[in-house]
Amino acid sequence: MNSAAPSLPSSSQNVVAAPSDDKRWRIVGATMRRYGFAPSALIETLHTVQNSFGYLDTQSLRFVARSLKVPLSKAYGVATFYGIFRLKPHGEHTCVICTGTACHIKGAAKLLATIDRCANIRDAETTKDNKLSLVTARCFGACGIAPAAIVDGQVIGNLSPETMEELVRRCLKS
Amino acid sequence: MSTKKSLATIWLDGCSGCHMSVLDMDERLLALLEQAELVYSPLVDQKTFPDHVDITLVEGAVSTEEDLKKIKLVRSKTHTLVSLGDCAVTANVPSMRNPLSVKDILERVSDGAAPRQPSNVPLLLGNARPVHNFVKVDVFVPGCPPSADVIHLVLTDLLAGRQPDLTSITRFGK
Amino acid sequence: MRVVTLSINGQHLSGRNDESVLQVARAHNIDIPTLCQLDGLSTWGGCRLCLVHVEGNNKLVPACVTNVFEGMVVQTESERLARYRRMIIEMLFSEGNHICSVCVSNGNCELQDAAQSQGIDHISLPYLYPERTVDASHDRFTFDPNRCVLCTRCVRVCDEVEGAHTWDVAGRGIKAHLITDLNQPWGESSSCTSCGKCVQVCPTGALFEKGKGAGEMVKKNEFLVYLEEMRQKRS
Amino acid sequence: MQTPQHLDAKNGRIVNLDDLKTIAEQEALLKSQLKHRIFVCMGTACQSCQSADVLDSLTREVSTRGGQAECLVTPGGCQGNCAEAPLVVVEPGGQLYRGVAPGDAASVIDSLKTGPVKRLLCDTTAPFFTEQTRLVTEYRGLVNPERIEDYIAVGGYIGLLTAVTELTPDEVIQQVTRSGLRGRGGAGYPTGLKWSTVAKAVSEQKYVICNADEGDPGAFMNRSVLEDYPFRVLEGMAIAGYALGATQGYVYVRAEYPLAVKRIEKAIAGAQRHGLLGNNIANTQFSFHVEVRLGAGAFVCGEETALISSIEGGRGLPCPRPPYPAESGLWGHPTLINNVETYTNIAPIIRNGGDWFAKIGTEKSKGTKTFALSGRVKNTGLVEVPLGTTLRKIIFDIGGGVPEGHKFKAVQTGGPAGGCIPAEHLDAPIDYESLQSLGSFMGSGGMIVMDDTSCMVDVAKFFMDFCATESCGKCIPCRVGTVHMRDILNKITTGEASLEDLAQLEELCDMVKYTSLCGLGQGAPNPVLSTLRYFKDEYMAHIIDHLCPAGVCAGKGQDIRRPACVL
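Here you go:
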């Protein structure tokens, strides 16, 4: 058995010092506190770190692992098991192309080809000027408007290669 | 009229250890040669592969264009093709280059001086692969090298028209 | 806990109902192949080599995690199981870069043994030839991921017996691989106690002692059951 | 306006059926004071088509005309016909407007006096609307998912309070058993049986988990239900908690569904505020708490033992079963895991009785099922029909058939563990058993239509690539087998495969199916097996003639082999 059910908050002397005085560590700390510093809060905490800092680096993984008393290798194992977590930062803009079944049937591959042509990047890559990162997702449930993409958090449906090109060009310019 | 069967051995990408093992049969070779005639081999002076051979022992992996050409020719003229030893069966040591690209290998071995394939040696294939990846193989004799006893058993069985059972006497690497 | 009677391969046997099919079979000298199971460690159920038929169940069940019950009828051998077992072993050979002739465990390797016991004389699946880097940063041991079959015995022994949890698996699917700490070189690991338990439980030559040449590495894992018994006595 | 004073006295806590009645009456009164209510769909598809802007401009339009008192503009739920997003409904009258732009606000408000805006009007007499049976998606999005009062006004929480105050836990399970409800996650295990197993397990602690890790590509029913009916999901979970003796629930939801996460979190807070979650629900001994746990992009976490590992904070690796979670689940305690849609069905079953539910559907498959209809079909979106409805009815009547004069080829159901069903089986009724006999799977409800522009080998390759990428890597057959199968399929689509490769593919399918540890591996070969069963000619065309009949792997009539590459 892994660990006991969510435990009581550990005493304050056990709290590991944050890597820096960056205010965002307080948000991370708040998440851990909310779950009583239970080892099972690892994934929730990694979500908070990524939402706050954009990605998970060695320093943050070490901090979270030590704070939650999770083995270092386990924290790394979890961070690399789940598709959402990334160990490197994204570019200024992020484009997520859905590669679910409906989008596949309706030509997601053409959208990817378009991005490759316009920005010279493939899945999980970032342009050299750090403007645009491309990620693929396994369906975000917008099948009714396939093929779909999420550009900087905004879901866009019924995409054609032409509109895709326009979107990419806009990201590269700004 | 000779009732002797014809026997051949060929040497692709291997260390010649399997051929040494053949020679290790010592005086048993003489008895074998009463039943079979060695018609082609690195051990005999014969330039062209005969049109019909009953049994061919293959040592070595298929690593170059020339190996590939040779094994296809040999297969077409052989009744029973035997992969002799780990290089022929698994590609063994020659395959250790496979995770690297041919370009990287050539650069490394020539210390960066001659990144292109030299013209006086056979063209390397992308991967060194076992013989059965290219042609049908009838008998597999793993071992590095297979012992003289194993080779003796294989040949006596094949010459007597039996399929040899090697499971208990040889294995990869031994 | 109570004693139950069952049959394995037509042989009538008895065992305790908290014992697995594998334990009862082994106690009666019936061999079922395994790679991930090791006495003294928790069960894993990942290698699928120990799958057996149980009458009344249309699925194949792993002998290592299936407990025996009264009237159980087990069949550990069949043409179908043999075919599946061969394919599993072939998959492992095709997945990594297993070059037996240059391996420290040549001749003392559980994967090699399994291949031989299943009559495998060649691999019909295409080799994948992954690029994997050897980690020789540790003073005393080397990790060669080319020979790793991801049985996770090292992960389990390090967590469950040594208590350090230096090892874990990162990534998933075909990209899953072993790591120490935050994917740092093993020699720089802050949690590793250099106890060497992981080396001794590794079924192949993936983990070995430095200075061993081809065929020289013999694994000794009997200490596990001994430790388990000694610790039970203390608690 | 009447204020429910006795509620205030209880700090807003709702403790019995009378309280619900009071709120419902209050809502009815509010409603009667309004002349019009305008619902703007805030589902994912509509939001992607700027429905938030539409909501804004409608609100502004109403307030500039000073009509706030009699016309309410409010966010609403999914109408189903996502292809025509953004959608707006005007009540009373039920006019459904499609493709509404922010600039249409004035016309829509004008229409309240002058009659419907014809150019935006959707024909709600079309089979897409009339042929559906809405149980899970009842009130078709006309309930504000962020207001608990809206939910109570349409009968919400009668189920929970009836259960807690009038029924014993055994009686609740009896009703669920009588209803014949089966797991909507795909496998169709009888829900009543699952509940009674957990109920019988002896333990101080038990857990109730809602599996909202909708991972099937091409499925969005759970997302839609969570976005629109979060209270109903919570109500179902609380009823389960009462029946089983569990005090803690978890909703495991994909982080890829931010709106669903927000809605469910808001709903938990709302239910807590009104005493419908938390300690001593309805002033009884029953306490039930719910927390949200976010998935992080791993398909395998839909498998229940992997989901448990994930909630425990680890890698989402499945474990051999038995022991089943019902005996030893989360942190080793008895645990109930049901799908979102399963929980959604619970409250109406308790409210109306199990026999009422059992009247819908077929002999072995009761109730309705939602499907995410997508791909090469005219009306893409969310549909709900009684189980036993034929595929033809869904695809051709409700879905409007294949557009642009193309020919229907197959429908894919069941996600990566499912299969492709060809035209000759379109009259098969949809239920758990019949889909399985056709080599497919109910799955969570994805239904992707393919026409003559889809290559079935390419589709098989797509799913195998999915499984290979999503394999957790724990067991060898799935970790390595899916990669070999994908490689062979890849060889077929590039014209490099031989008949021996096809034989090896079939051998791998058989082996991976029967030796893998969990459902991901066991189901992975299904798309290959079903396409081989019905579309072997397409495989042969690739292997023998080096042609792709659908023109996907190369143009029509073109050789699919790529130019030879040296090295």
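Protein chains in written order, with the working numbering: chain W, 550 to 723; chain S, 11 to 184; chain U, 1287 to 1521; chain A, 6 to 572.
C-beta: ideal position from N, C-alpha, C; glycine also.
Same chain only: Cβ atoms within 7 Å of residue i, ignoring 5 sequence neighbours per side
{"i": "L1378 (chain U)", "result": "L1397, V1435"}
{"i": "L239 (chain A)", "result": "A272, I273, A276, L282, V295"}
{"i": "V576 (chain A)", "result": "With chain A covering 6 to 572 only, the question about residue 576 (chain A) has no answer from this structure."}
{"i": "L147 (chain A)", "result": "F44, G81, V94, E96"}
{"i": "S1328 (chain U)", "result": "R1442, E1446"}
{"i": "V141 (chain S)", "result": "V68, V72, I81, S93, A98, V147"}
Beta carbon proximity, residue i to chain U, threshold 9 Å
{"i": "S622 (chain W)", "result": "yes"}
{"i": "R118 (chain S)", "result": "no"}
{"i": "Y625 (chain W)", "result": "yes"}
{"i": "T629 (chain W)", "result": "yes"}
{"i": "H162 (chain S)", "result": "no"}
Cutoff 9 Å: residue i Cβ touching any chain S Cβ
{"i": "F1379 (chain U)", "result": "yes"}
9 Å Cβ cutoff, residue i in contact with chain D
{"i": "D1421 (chain U)", "result": "Checking the listed chains, one finds no chain D in this structure; the protein chains it contains are W, S, U and A."}
Beta carbon proximity, residue i to chain A, threshold 9 Å
{"i": "K637 (chain W)", "result": "no"}
{"i": "K1506 (chain U)", "result": "no"}
{"i": "L595 (chain W)", "result": "yes"}
{"i": "C688 (chain W)", "result": "yes"}
{"i": "F602 (chain W)", "result": "no"}
{"i": "K1519 (chain U)", "result": "no"}
{"i": "R1369 (chain U)", "result": "yes"}
{"i": "L1346 (chain U)", "result": "yes"}
{"i": "M1358 (chain U)", "result": "no"}
Chain W contact for residue i (CB, 9 Å cutoff)
{"i": "A1500 (chain U)", "result": "no"}
{"i": "M242 (chain A)", "result": "no"}
{"i": "A422 (chain A)", "result": "no"}
{"i": "S1480 (chain U)", "result": "no"}
Buried or exposed (CB count within 10 angstroms, at least 16 for buried), residue i
{"i": "T119 (chain A)", "result": "exposed"}
{"i": "P104 (chain S)", "result": "buried"}
{"i": "A559 (chain A)", "result": "buried"}
{"i": "A243 (chain A)", "result": "buried"}
{"i": "V1289 (chain U)", "result": "exposed"}
{"i": "T1419 (chain U)", "result": "exposed"}
{"i": "L110 (chain S)", "result": "exposed"}
{"i": "P330 (chain A)", "result": "buried"}
{"i": "H62 (chain S)", "result": "exposed"}
{"i": "I549 (chain A)", "result": "exposed"}
{"i": "H29 (chain S)", "result": "buried"}
Contact set for residue i: own chain, Cβ-Cβ below 6 Å, skip 5 residues either direction
{"i": "M1287 (chain U)", "result": "R1302, D1304"}
{"i": "C1322 (chain U)", "result": "W1330, G1332, C1333, C1437"}
{"i": "N357 (chain A)", "result": "none"}
{"i": "G307 (chain A)", "result": "D218, G220"}
{"i": "A363 (chain A)", "result": "S184, G185, K371"}
{"i": "E136 (chain A)", "result": "D402, I403"}
| message | Any C-beta of chain S within less than 7 Å: which residues of the segment 1384-1402 of chain U qualify? | response | Residues I1385, C1386, S1387, V1388, C1389, N1392, G1393, Q1398, A1401, Q1402.
| query | Mind listing which residues of the segment 1403-1418 of chain U have their C-beta closer than 9 Å to chain S's C-betas, in chain order? | reply | S1403, Q1404, G1405, I1406, D1407, H1408, I1409, S1410, P1412, Y1413, Y1415, P1416, E1417, R1418: these are the residues of the segment 1403-1418 of chain U whose beta carbon lies less than 9 Å from some beta carbon of chain S, given in chain order.
| Interfacial residues, the segment 607-621 of chain W to chain U, with Cβ spacing under 7 Å | T607, L610, R611, P620, L621
| message | Could you tell me which whole beta strand (DSSP E) segments of length 3 or greater appear in the segment 87-136 of chain S? | response | 88-94
| request: Could you run through the segment 1452-1475 of chain U and flag, in chain order, every residue whose CB is less than 7 Å away from some CB of chain W? | output: T1452, W1453, D1454, V1455, A1456, G1457, R1458, I1465, T1466, D1467, L1468, N1469
| field | Completely contained alpha helix (DSSP H) runs for the segment 389-454 of chain A, where each covers 4 or more residues | value | 437-442
| For the segment 1420-1450 of chain U, which residues have a beta carbon sitting closer than 9 Å to at least one beta carbon of chain A? | V1435, L1436, T1438
| Which parts of the segment 584-619 of chain W are runs of the alpha helix (DSSP H), unbroken and 4 residues or longer, counting only runs that do not cross its ends? | Counting only runs of 4 or more, we get 591-602, 607-617.
| task | Report the residues of the segment 1328-1342 of chain U with a CB closer than 7 Å to any CB of chain A, ordered along the chain. | result | G1331, G1332, C1333, R1334, L1337
| message | Runs of 3 residues minimum, wholly inside the segment 1334-1388 of chain U: which ones carry the beta strand (DSSP E) assignment? | response | 1337-1340, 1359-1361
| field | Residues of the segment 366-386 of chain A whose Cβ lies closer than 7 Å to any Cβ of chain W, in chain order | value | Legend: CB atoms of the segment 366-386 of chain A lying less than 7 Å from CB atoms of chain W belong to residues A377, S379, G380, R381, T385, G386.
| request: Mind checking the segment 43-58 of chain A against chain W and listing, in chain order, the residues whose C-beta falls within less than 8 Å of any C-beta there? | output: T49, A50, Q52, S53, C54
| query | Using a beta-carbon distance cut-off of less than 7 Å, what residues from the segment 212-231 of chain A approach chain U? | reply | none
| task | Compile a chain-ordered list of the residues in the segment 646-658 of chain W whose CB is closer than 9 Å to at least one CB of chain A. | result | Those residues of the segment 646-658 of chain W that come within reach of chain A (Cβ to Cβ, closer than 9 Å) are C647, T648, G649, T650, A651, C652, H653, I654, K655.
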